[in-house]
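Chains as they are written, first to last, in the working numbering: chain R, 1 to 339; chain U, 1001 to 1339; chain F, 2001 to 2339; chain X, 3001 to 3339; chain E, 4001 to 4339. We put the CB at the ideal spot given by N, CA and C, even for glycine. Every value quoted in this text rests on a predicted model; they were computed, and no experiment measured them.
Structure (structure tokens):
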């Protein structure tokens, strides 16, 4: 159960970054809370313009409610914005569409999951993230640079955002894939007690990734022609592309789980092999020397009448017998392929 | 198979708590059986009012039948109210809707499952529980405090009740998650015969939780616009939210099952490791001393003609040979990484 | 593969028990083959009456064909009546409905599966069983005693019959649940070679039960309003109840399978533990005495010049050394937590 | 991957057996290639007659093409007739229906899969098999003997053919079930290295059977009223019966797979048990004699001053001590339940 | 995660091979970039002609964009052409249909996956591959030789291409099947530490093959009559055939996975067997010689008063006792079936 701390614990102002663009124009500015404490004008969007409002960092409940009022967003959606403990999902409401996704990336060895909300309205896109994320950096540049992108509607921007997030999944999966390969090599070299813990750690990451990607398959529901007026028909192939990537990412997690459980087998097999090797050494040493020790024991007995003891050849013959016994044993082990 | 004892074994009066509210008013009172033994007036609800009737504690069959008659509830539903051995489910009947759920919480180490029935009519909600439950306490307070909540219909109250119950699932799952983490630490420290039993106990709890949550996915059926007149369109986003939480809880149980079966692997791996360690000690001691014992056995023989025995250097040379043999063995073990 | 012997091998007359009832009347009689060898009048049912014809025991092919002709039942259904090797199923034909179920109960330790056919016509119910079953005894009594039951149609009788059969499943599942608990205790106490066989036996029973319950989910198809004229709308909630019980029984078999495979793990774990214990004893004894035996071997050598042998303190010092070695070993084992 | 050799490698004439029947008439004859080398008249079927043309043995490509032309069969179907490497399937074409099935039977210990094509036209059925199969023998007799069968259309003949083939599956499954039971007994008696290979062999057969039966579930598609004009409504219950048998056969394969994987567990458990037994013997012998050998070693030492050696009671006391040690050890093993 | 290098890294010209055919004509030529650097005329296709344009080798982005413009292909499809990291899929666009498939074949021991795009327009087919593939060689010949093939539309050509690719899958699966059989033989002969790695390598190949074949089931969507105008009804049986082959290939991968996991069991079982054998040898040798060594130790003691030592028969009697003890031991092992 991961109940991450609620968004908006802190009361400092978030950064509200605004992209206002049409085919010809592209204005970028940060909202100036000192000059305009009220957000009413946030929703005044010029005709044929698209506005992307990216709210980064912790938000107070009041601020979120105000944004909700300005854009006529359902109170439940606003309420859930503050709750990072939500499942990824795609939901349609009257007049807007809510996409809850998770940005996933590795920070060192730890998997970081960042809750990201995307709200799509008729001519605006609202995004809410926890940190000053740079996954969207490339999108910022493309909007500024590419008139074709700017000529497309707000729904195309949602596609770009989803695409950037889903691309991030592949980086994570590639890292996990590399970890699995490394672990395989390490297990083959020298199996240790820690390997199963490492397999477990990777598996936990994989389960976590899977849990966040899996529900995103629902973006497929956006592609249904009748379902939403907010998605233009020309955006559908793009969403289908994102959908294909999501399915591919899910496939990869399945493959990795298979490979991981195979690693556990490899680990157990190696433990068994080592046990075999240990037993083999013990058995070889024991079975060679136990009979020999018996033989020398025989001639260590103190019976008065042991004819062999008085023969000159007794001692060398015993040695000869012992050498023969050893050789027979060694041949037996060779035959058994233990040597 | 858990056939819990039937509700209503005892014949004492249950507590019938009534919330009668509209946007402006909120009356709370307990039904007074001494002054009004007949329940007919229970269904006299003022226009635009919503009435929540919470029946707590054991009910006699006659009382339940009377409630059924007063609210025109299908006899089968009334019959089933007394049967805790029911599956969670959502069912629609003529004029009312029955939601059977299970409150789940930990009482000490034991998982307690409490059967809870919610009946939604046009302007009333009936709830039947076994004990004086306080999961609904927060809802009582909200109804008294929040006019917005009171302005909404009976279906919104059902949402609040479901939400409170489902929130309880997450507490249980968090506890189970903590148990799994503790068990993992304990297994890594010192694997004992009891660990598999503990894994099994957690698994049983998980199976039980899963069995009760799984059928609740059916609340989705309430969200279908045509399906019920009792659910207003504005309640749908809220039910969808509850549905998402249920799916999330189910996801968590799946994840935990995966982690649990991984724990069993860890347990078996640790047993194997310990066996390896035991064998290693045995093998090292045996393979060092068995050849040495053989050597001293040789010179314990009583042959008349053993030239070495009469040499002054005989005894120290044997010691030297034995030291060399020991060192060779130890180097061999070092090479094998057993030391 | 269980191809049980075909019904109707024997040529003796079966018992044909007839319940002819309406709200006011309830006639019960056995068909008298001596006075009326032809069954034509069997289908003469008074208006508003329901007739339940319970055919118990082996039937000849001719008799079945005659019943088929009298009630206009499809020849294939009649043909299949004699074949116990059928799957449980719900099928609709022109003018009647065929429900094939299996009564399941324990006879001692053996699971008995009894093939039961229920045919529902407009105003009659035909049931065919193999033995003089008493699962239906309570239904007989209810028909005689309860006018409300008699006032309902033939489809309600089918509900009562199904309900009685499904209730029997829970008894079987409870028994199996008890067996699993007993086995768990027995495995924890002393794992023997037979336990896996017992797990296997329970699993076979569970597979068998599951195979017979699983297809019964199809009763859901009866609840679809358009599907059948033979089922009245007011019977639907009752059938839904039976359906819920069936799903619950299937859930239980799933849970038990999970618990059973966990038992196999427990069994393997216990074997491993015992091996560990055996190895520990061997290793402790060996590693303490092998070095000691080496030491005494040293002073058993017959070298002429072994200075220690001639010292008065030689013997006690050797003992002292051996005691020290033993104590060191024992401390080592304590540290390893083997003692 | 089983790419069996293509049908029609050889150029010899196949046997073309023709059943031409109506309610009153039943003509059976073999096609005489010497008198009528052209097959045109094969499709001249008298009104209200049904013709079953059973082509047995290898066919040349030309012959198949000619049959295809005569009966207006899609070239792809004709092409596939020669390819035994096809999946079982049910396909509808313009004016005819193609059912590809596999006859499965044991020839000694080997599972034989025989590719069988059934083509259903308006008033004819074409069957293509590889060998002079006698699975259809009973159908030949029924057509000759039973006017009721002859009065039914070509689709009923297809039912009879499918029923005969599916019945064959149960024989195979019963054999496999018997093999599993035998193997279980054999494993319990004396586990050998070969048992896992035998489990594997049975599993391969089961996989093969399953692969051929599984796609046949598609016959269900024939029962859909609108789907085909070639299937009369009165044939539907019969097809449903075949469908039920197929589902039952699939169920059985599932059950057998479960039982088989349980057998592997049994096998591993028995190996472990035997290891336990071996270790127990080793440990008992070792732990009894190693301390005794140490004791006798002590008094084999050659110290000048060992007071015990000179006592008359020394020797018997040592024996007494050794007997006591042995008894203590044996009691210890009894307590551990190793004896 | 396999992100193969992007198509079109190099800037050299690809080979553009053009088949322009109708029932009567078949022109084949390579596009001459030197004489016609612009590709406009590529789309000038004579009436009733079909043009197959096969682009082999790396393409520059500009060239692909130009082809896209000429044939009015959606920019996203053109963009994805350069991305080998795509999932196999079937997608419909306005006026054309995109099929992304993977050619799979073994190059030595390595599995090679070649990304192949097929675009179907009204009267043309565009194919993009990475290398000068010869899987299509047979199709080239058939187009030249077979007027019937030429008389069919562009959609039939797509069928031929898909069929050739899917046929390639069976070759790969047959190779993998052979590898599994070889591995089984090798494991039975002598289990080594490498076998689990080999199982793992085959499993990885199988997962890879499965991942590429699985999404191709979507070709089924082409068979739906309403779905596409580009697919003629007469092509449907052919596509259904391809679909059946794909399903068959997927079935085979499932079967192989089952067999592979059985191999891992076999491997573990063999390790256990060998351990058993080693332990048996150790136990037999130890339990025979340890008691004997004890006996000779007894008579190695130096007690003054050991009556046996002075008897003439002492020594031979001890030998006799030891022979008897050995025989008893050997008989015990015979009874245990260890010898």
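- The criterion of a C-beta distance shorter than 8 Å is not satisfied by residue 4052 of chain E and residue 4135 of chain E.
- Within the DSSP bridge table, the entry for residue 1103 of chain U names U/1114 as partners.
- Only residues of its own chain outside the window of five on either side were considered, and among them 30, 54 have a CB closer than 6 Å to the CB of residue 17 of chain R, listed in chain order.
- When the five nearest sequence neighbours on each side are left out, the beta carbons in the same chain lying within less than 6 Å of the beta carbon of residue 4048 of chain E are those of 4022, in order along the chain.
- When secondary structure is reduced to three states using DSSP, residue 2098 of chain F falls in the strand class.
- When C-beta distances to chain R are compared with 7 Å, the residues of the region 1283-1317 of chain U below that value are 1283, 1286, 1287, 1290, 1291, 1293, 1294, 1297, 1298, 1300, 1301, 1302, 1303, 1304, 1305, 1306, in chain order.
- When Cβ-Cβ separations below 8 Å define contact, residue 3256 of chain X makes no contact with chain E.
- A check of alpha carbon separations from residue 2176 of chain F across F/2204, F/2151, F/2035, F/2150 identifies F/2204 as the nearest.
- For residue 128 of chain R, the three-state secondary structure derived from DSSP is strand.
- Nearest CB-CB separation between residue 4234 of chain E and chain R: not below the 8 Å threshold.
- Within the region 4137-4225 of chain E, the complete alpha helix (DSSP H) segments of 4 residues or longer fall at 4137-4145, 4147-4150, 4154-4189, 4195-4213, listed in chain order.
- Residues of chain E with a Cβ closer than 9 Å to the Cβ of residue 324 of chain R do not exist; the shortest Cβ-Cβ separation is about 16 Å.
- Between the region 4161-4174 of chain E and the region 4079-4093 of chain E, the count of Cβ pairs shorter than 8 Å is below three; the stretches do not touch.
- In the assembly as shown, residue 185 of chain R is an exposed residue. Its beta-carbon has fewer than 16 other beta-carbons within 10 Å.
- Sixteen is the threshold: when 16 or more other Cβ atoms of the shown chains lie within 10 Å of the Cβ of residue 3155 of chain X, as they do, the residue is buried.
- Straight-line measurement puts the Cα of residue 1281 of chain U at about 14 Å from the Cα of residue 2328 of chain F.
- Non-local beta-carbon contacts of residue 2326 of chain F in its own chain, meaning distances under 6 Å to residues more than five positions away in sequence, involve 2288 in chain order.
- Contact annotation: in the region 2178-2197 of chain F, residues whose CB is within less than 8 Å of a CB in chain X are 2190, 2193, 2196, 2197.
- Contact of residue 4113 of chain E with chain R is not assigned, every C-beta pair being separated by 8 Å or more.
- One alpha carbon belongs to residue 102 of chain R, the other to residue 76 of chain R, and they sit about 19 Å apart.
- Boundaries of the beta strand (DSSP E) harbouring residue 92 of chain R: 89-93, taken from the DSSP string.
- Here residue 31 of chain R carries a coil assignment [DSSP, helix/strand/coil].
- The beta carbon of residue 4093 of chain E sits closer than 6 Å to those of 4074, all from its chain and outside the five residues before and after it, given in chain order.
- Your pair residue 1259 of chain U and residue 1180 of chain U checks out as a contact, with CB atoms roughly 6 Å apart and the cut at 8 Å.
- Per DSSP, residue 4229 of chain E has no beta bridge partner at all.
- Beyond the five residues adjoining it in sequence on each side, residue 3142 of chain X comes within less than 6 Å, by CB distance, of 3149 in the same chain, given in chain order.
- The Cβ neighbour count for residue 252 of chain R, taken over all protein chains shown within 10 Å, is at least 16; the residue is labelled buried.
- Not a single C-beta of chain U is nearer than 8 Å to the C-beta of residue 2208 of chain F.
- When Cβ-Cβ separations below 8 Å define contact, residue 4153 of chain E makes no contact with chain X.
- In the three-state reduction of the DSSP assignment, residue 270 of chain R falls in the helix class.
- Contact between the region 193-213 of chain R and the region 291-298 of chain R is not established, with fewer than three Cβ pairs separated by less than 8 Å.
- Under DSSP, the beta-bridge partners assigned to residue 2052 of chain F are F/2019, F/2125.
- The beta carbon of residue 1168 of chain U does not come within 8 Å of any beta carbon belonging to chain R, so the residue lies off that interface.
- For residue 247 of chain R, the residues of chain E that pass the 7 Å Cβ criterion are 4087, in the order they occur in the chain.
- At least 8 Å separates the CB of residue 3217 of chain X from every CB of chain E.
- Counted as a single uninterrupted DSSP element, the stretch harbouring residue 1041 of chain U is not any alpha helix (DSSP H), since DSSP gives it neither H nor E.
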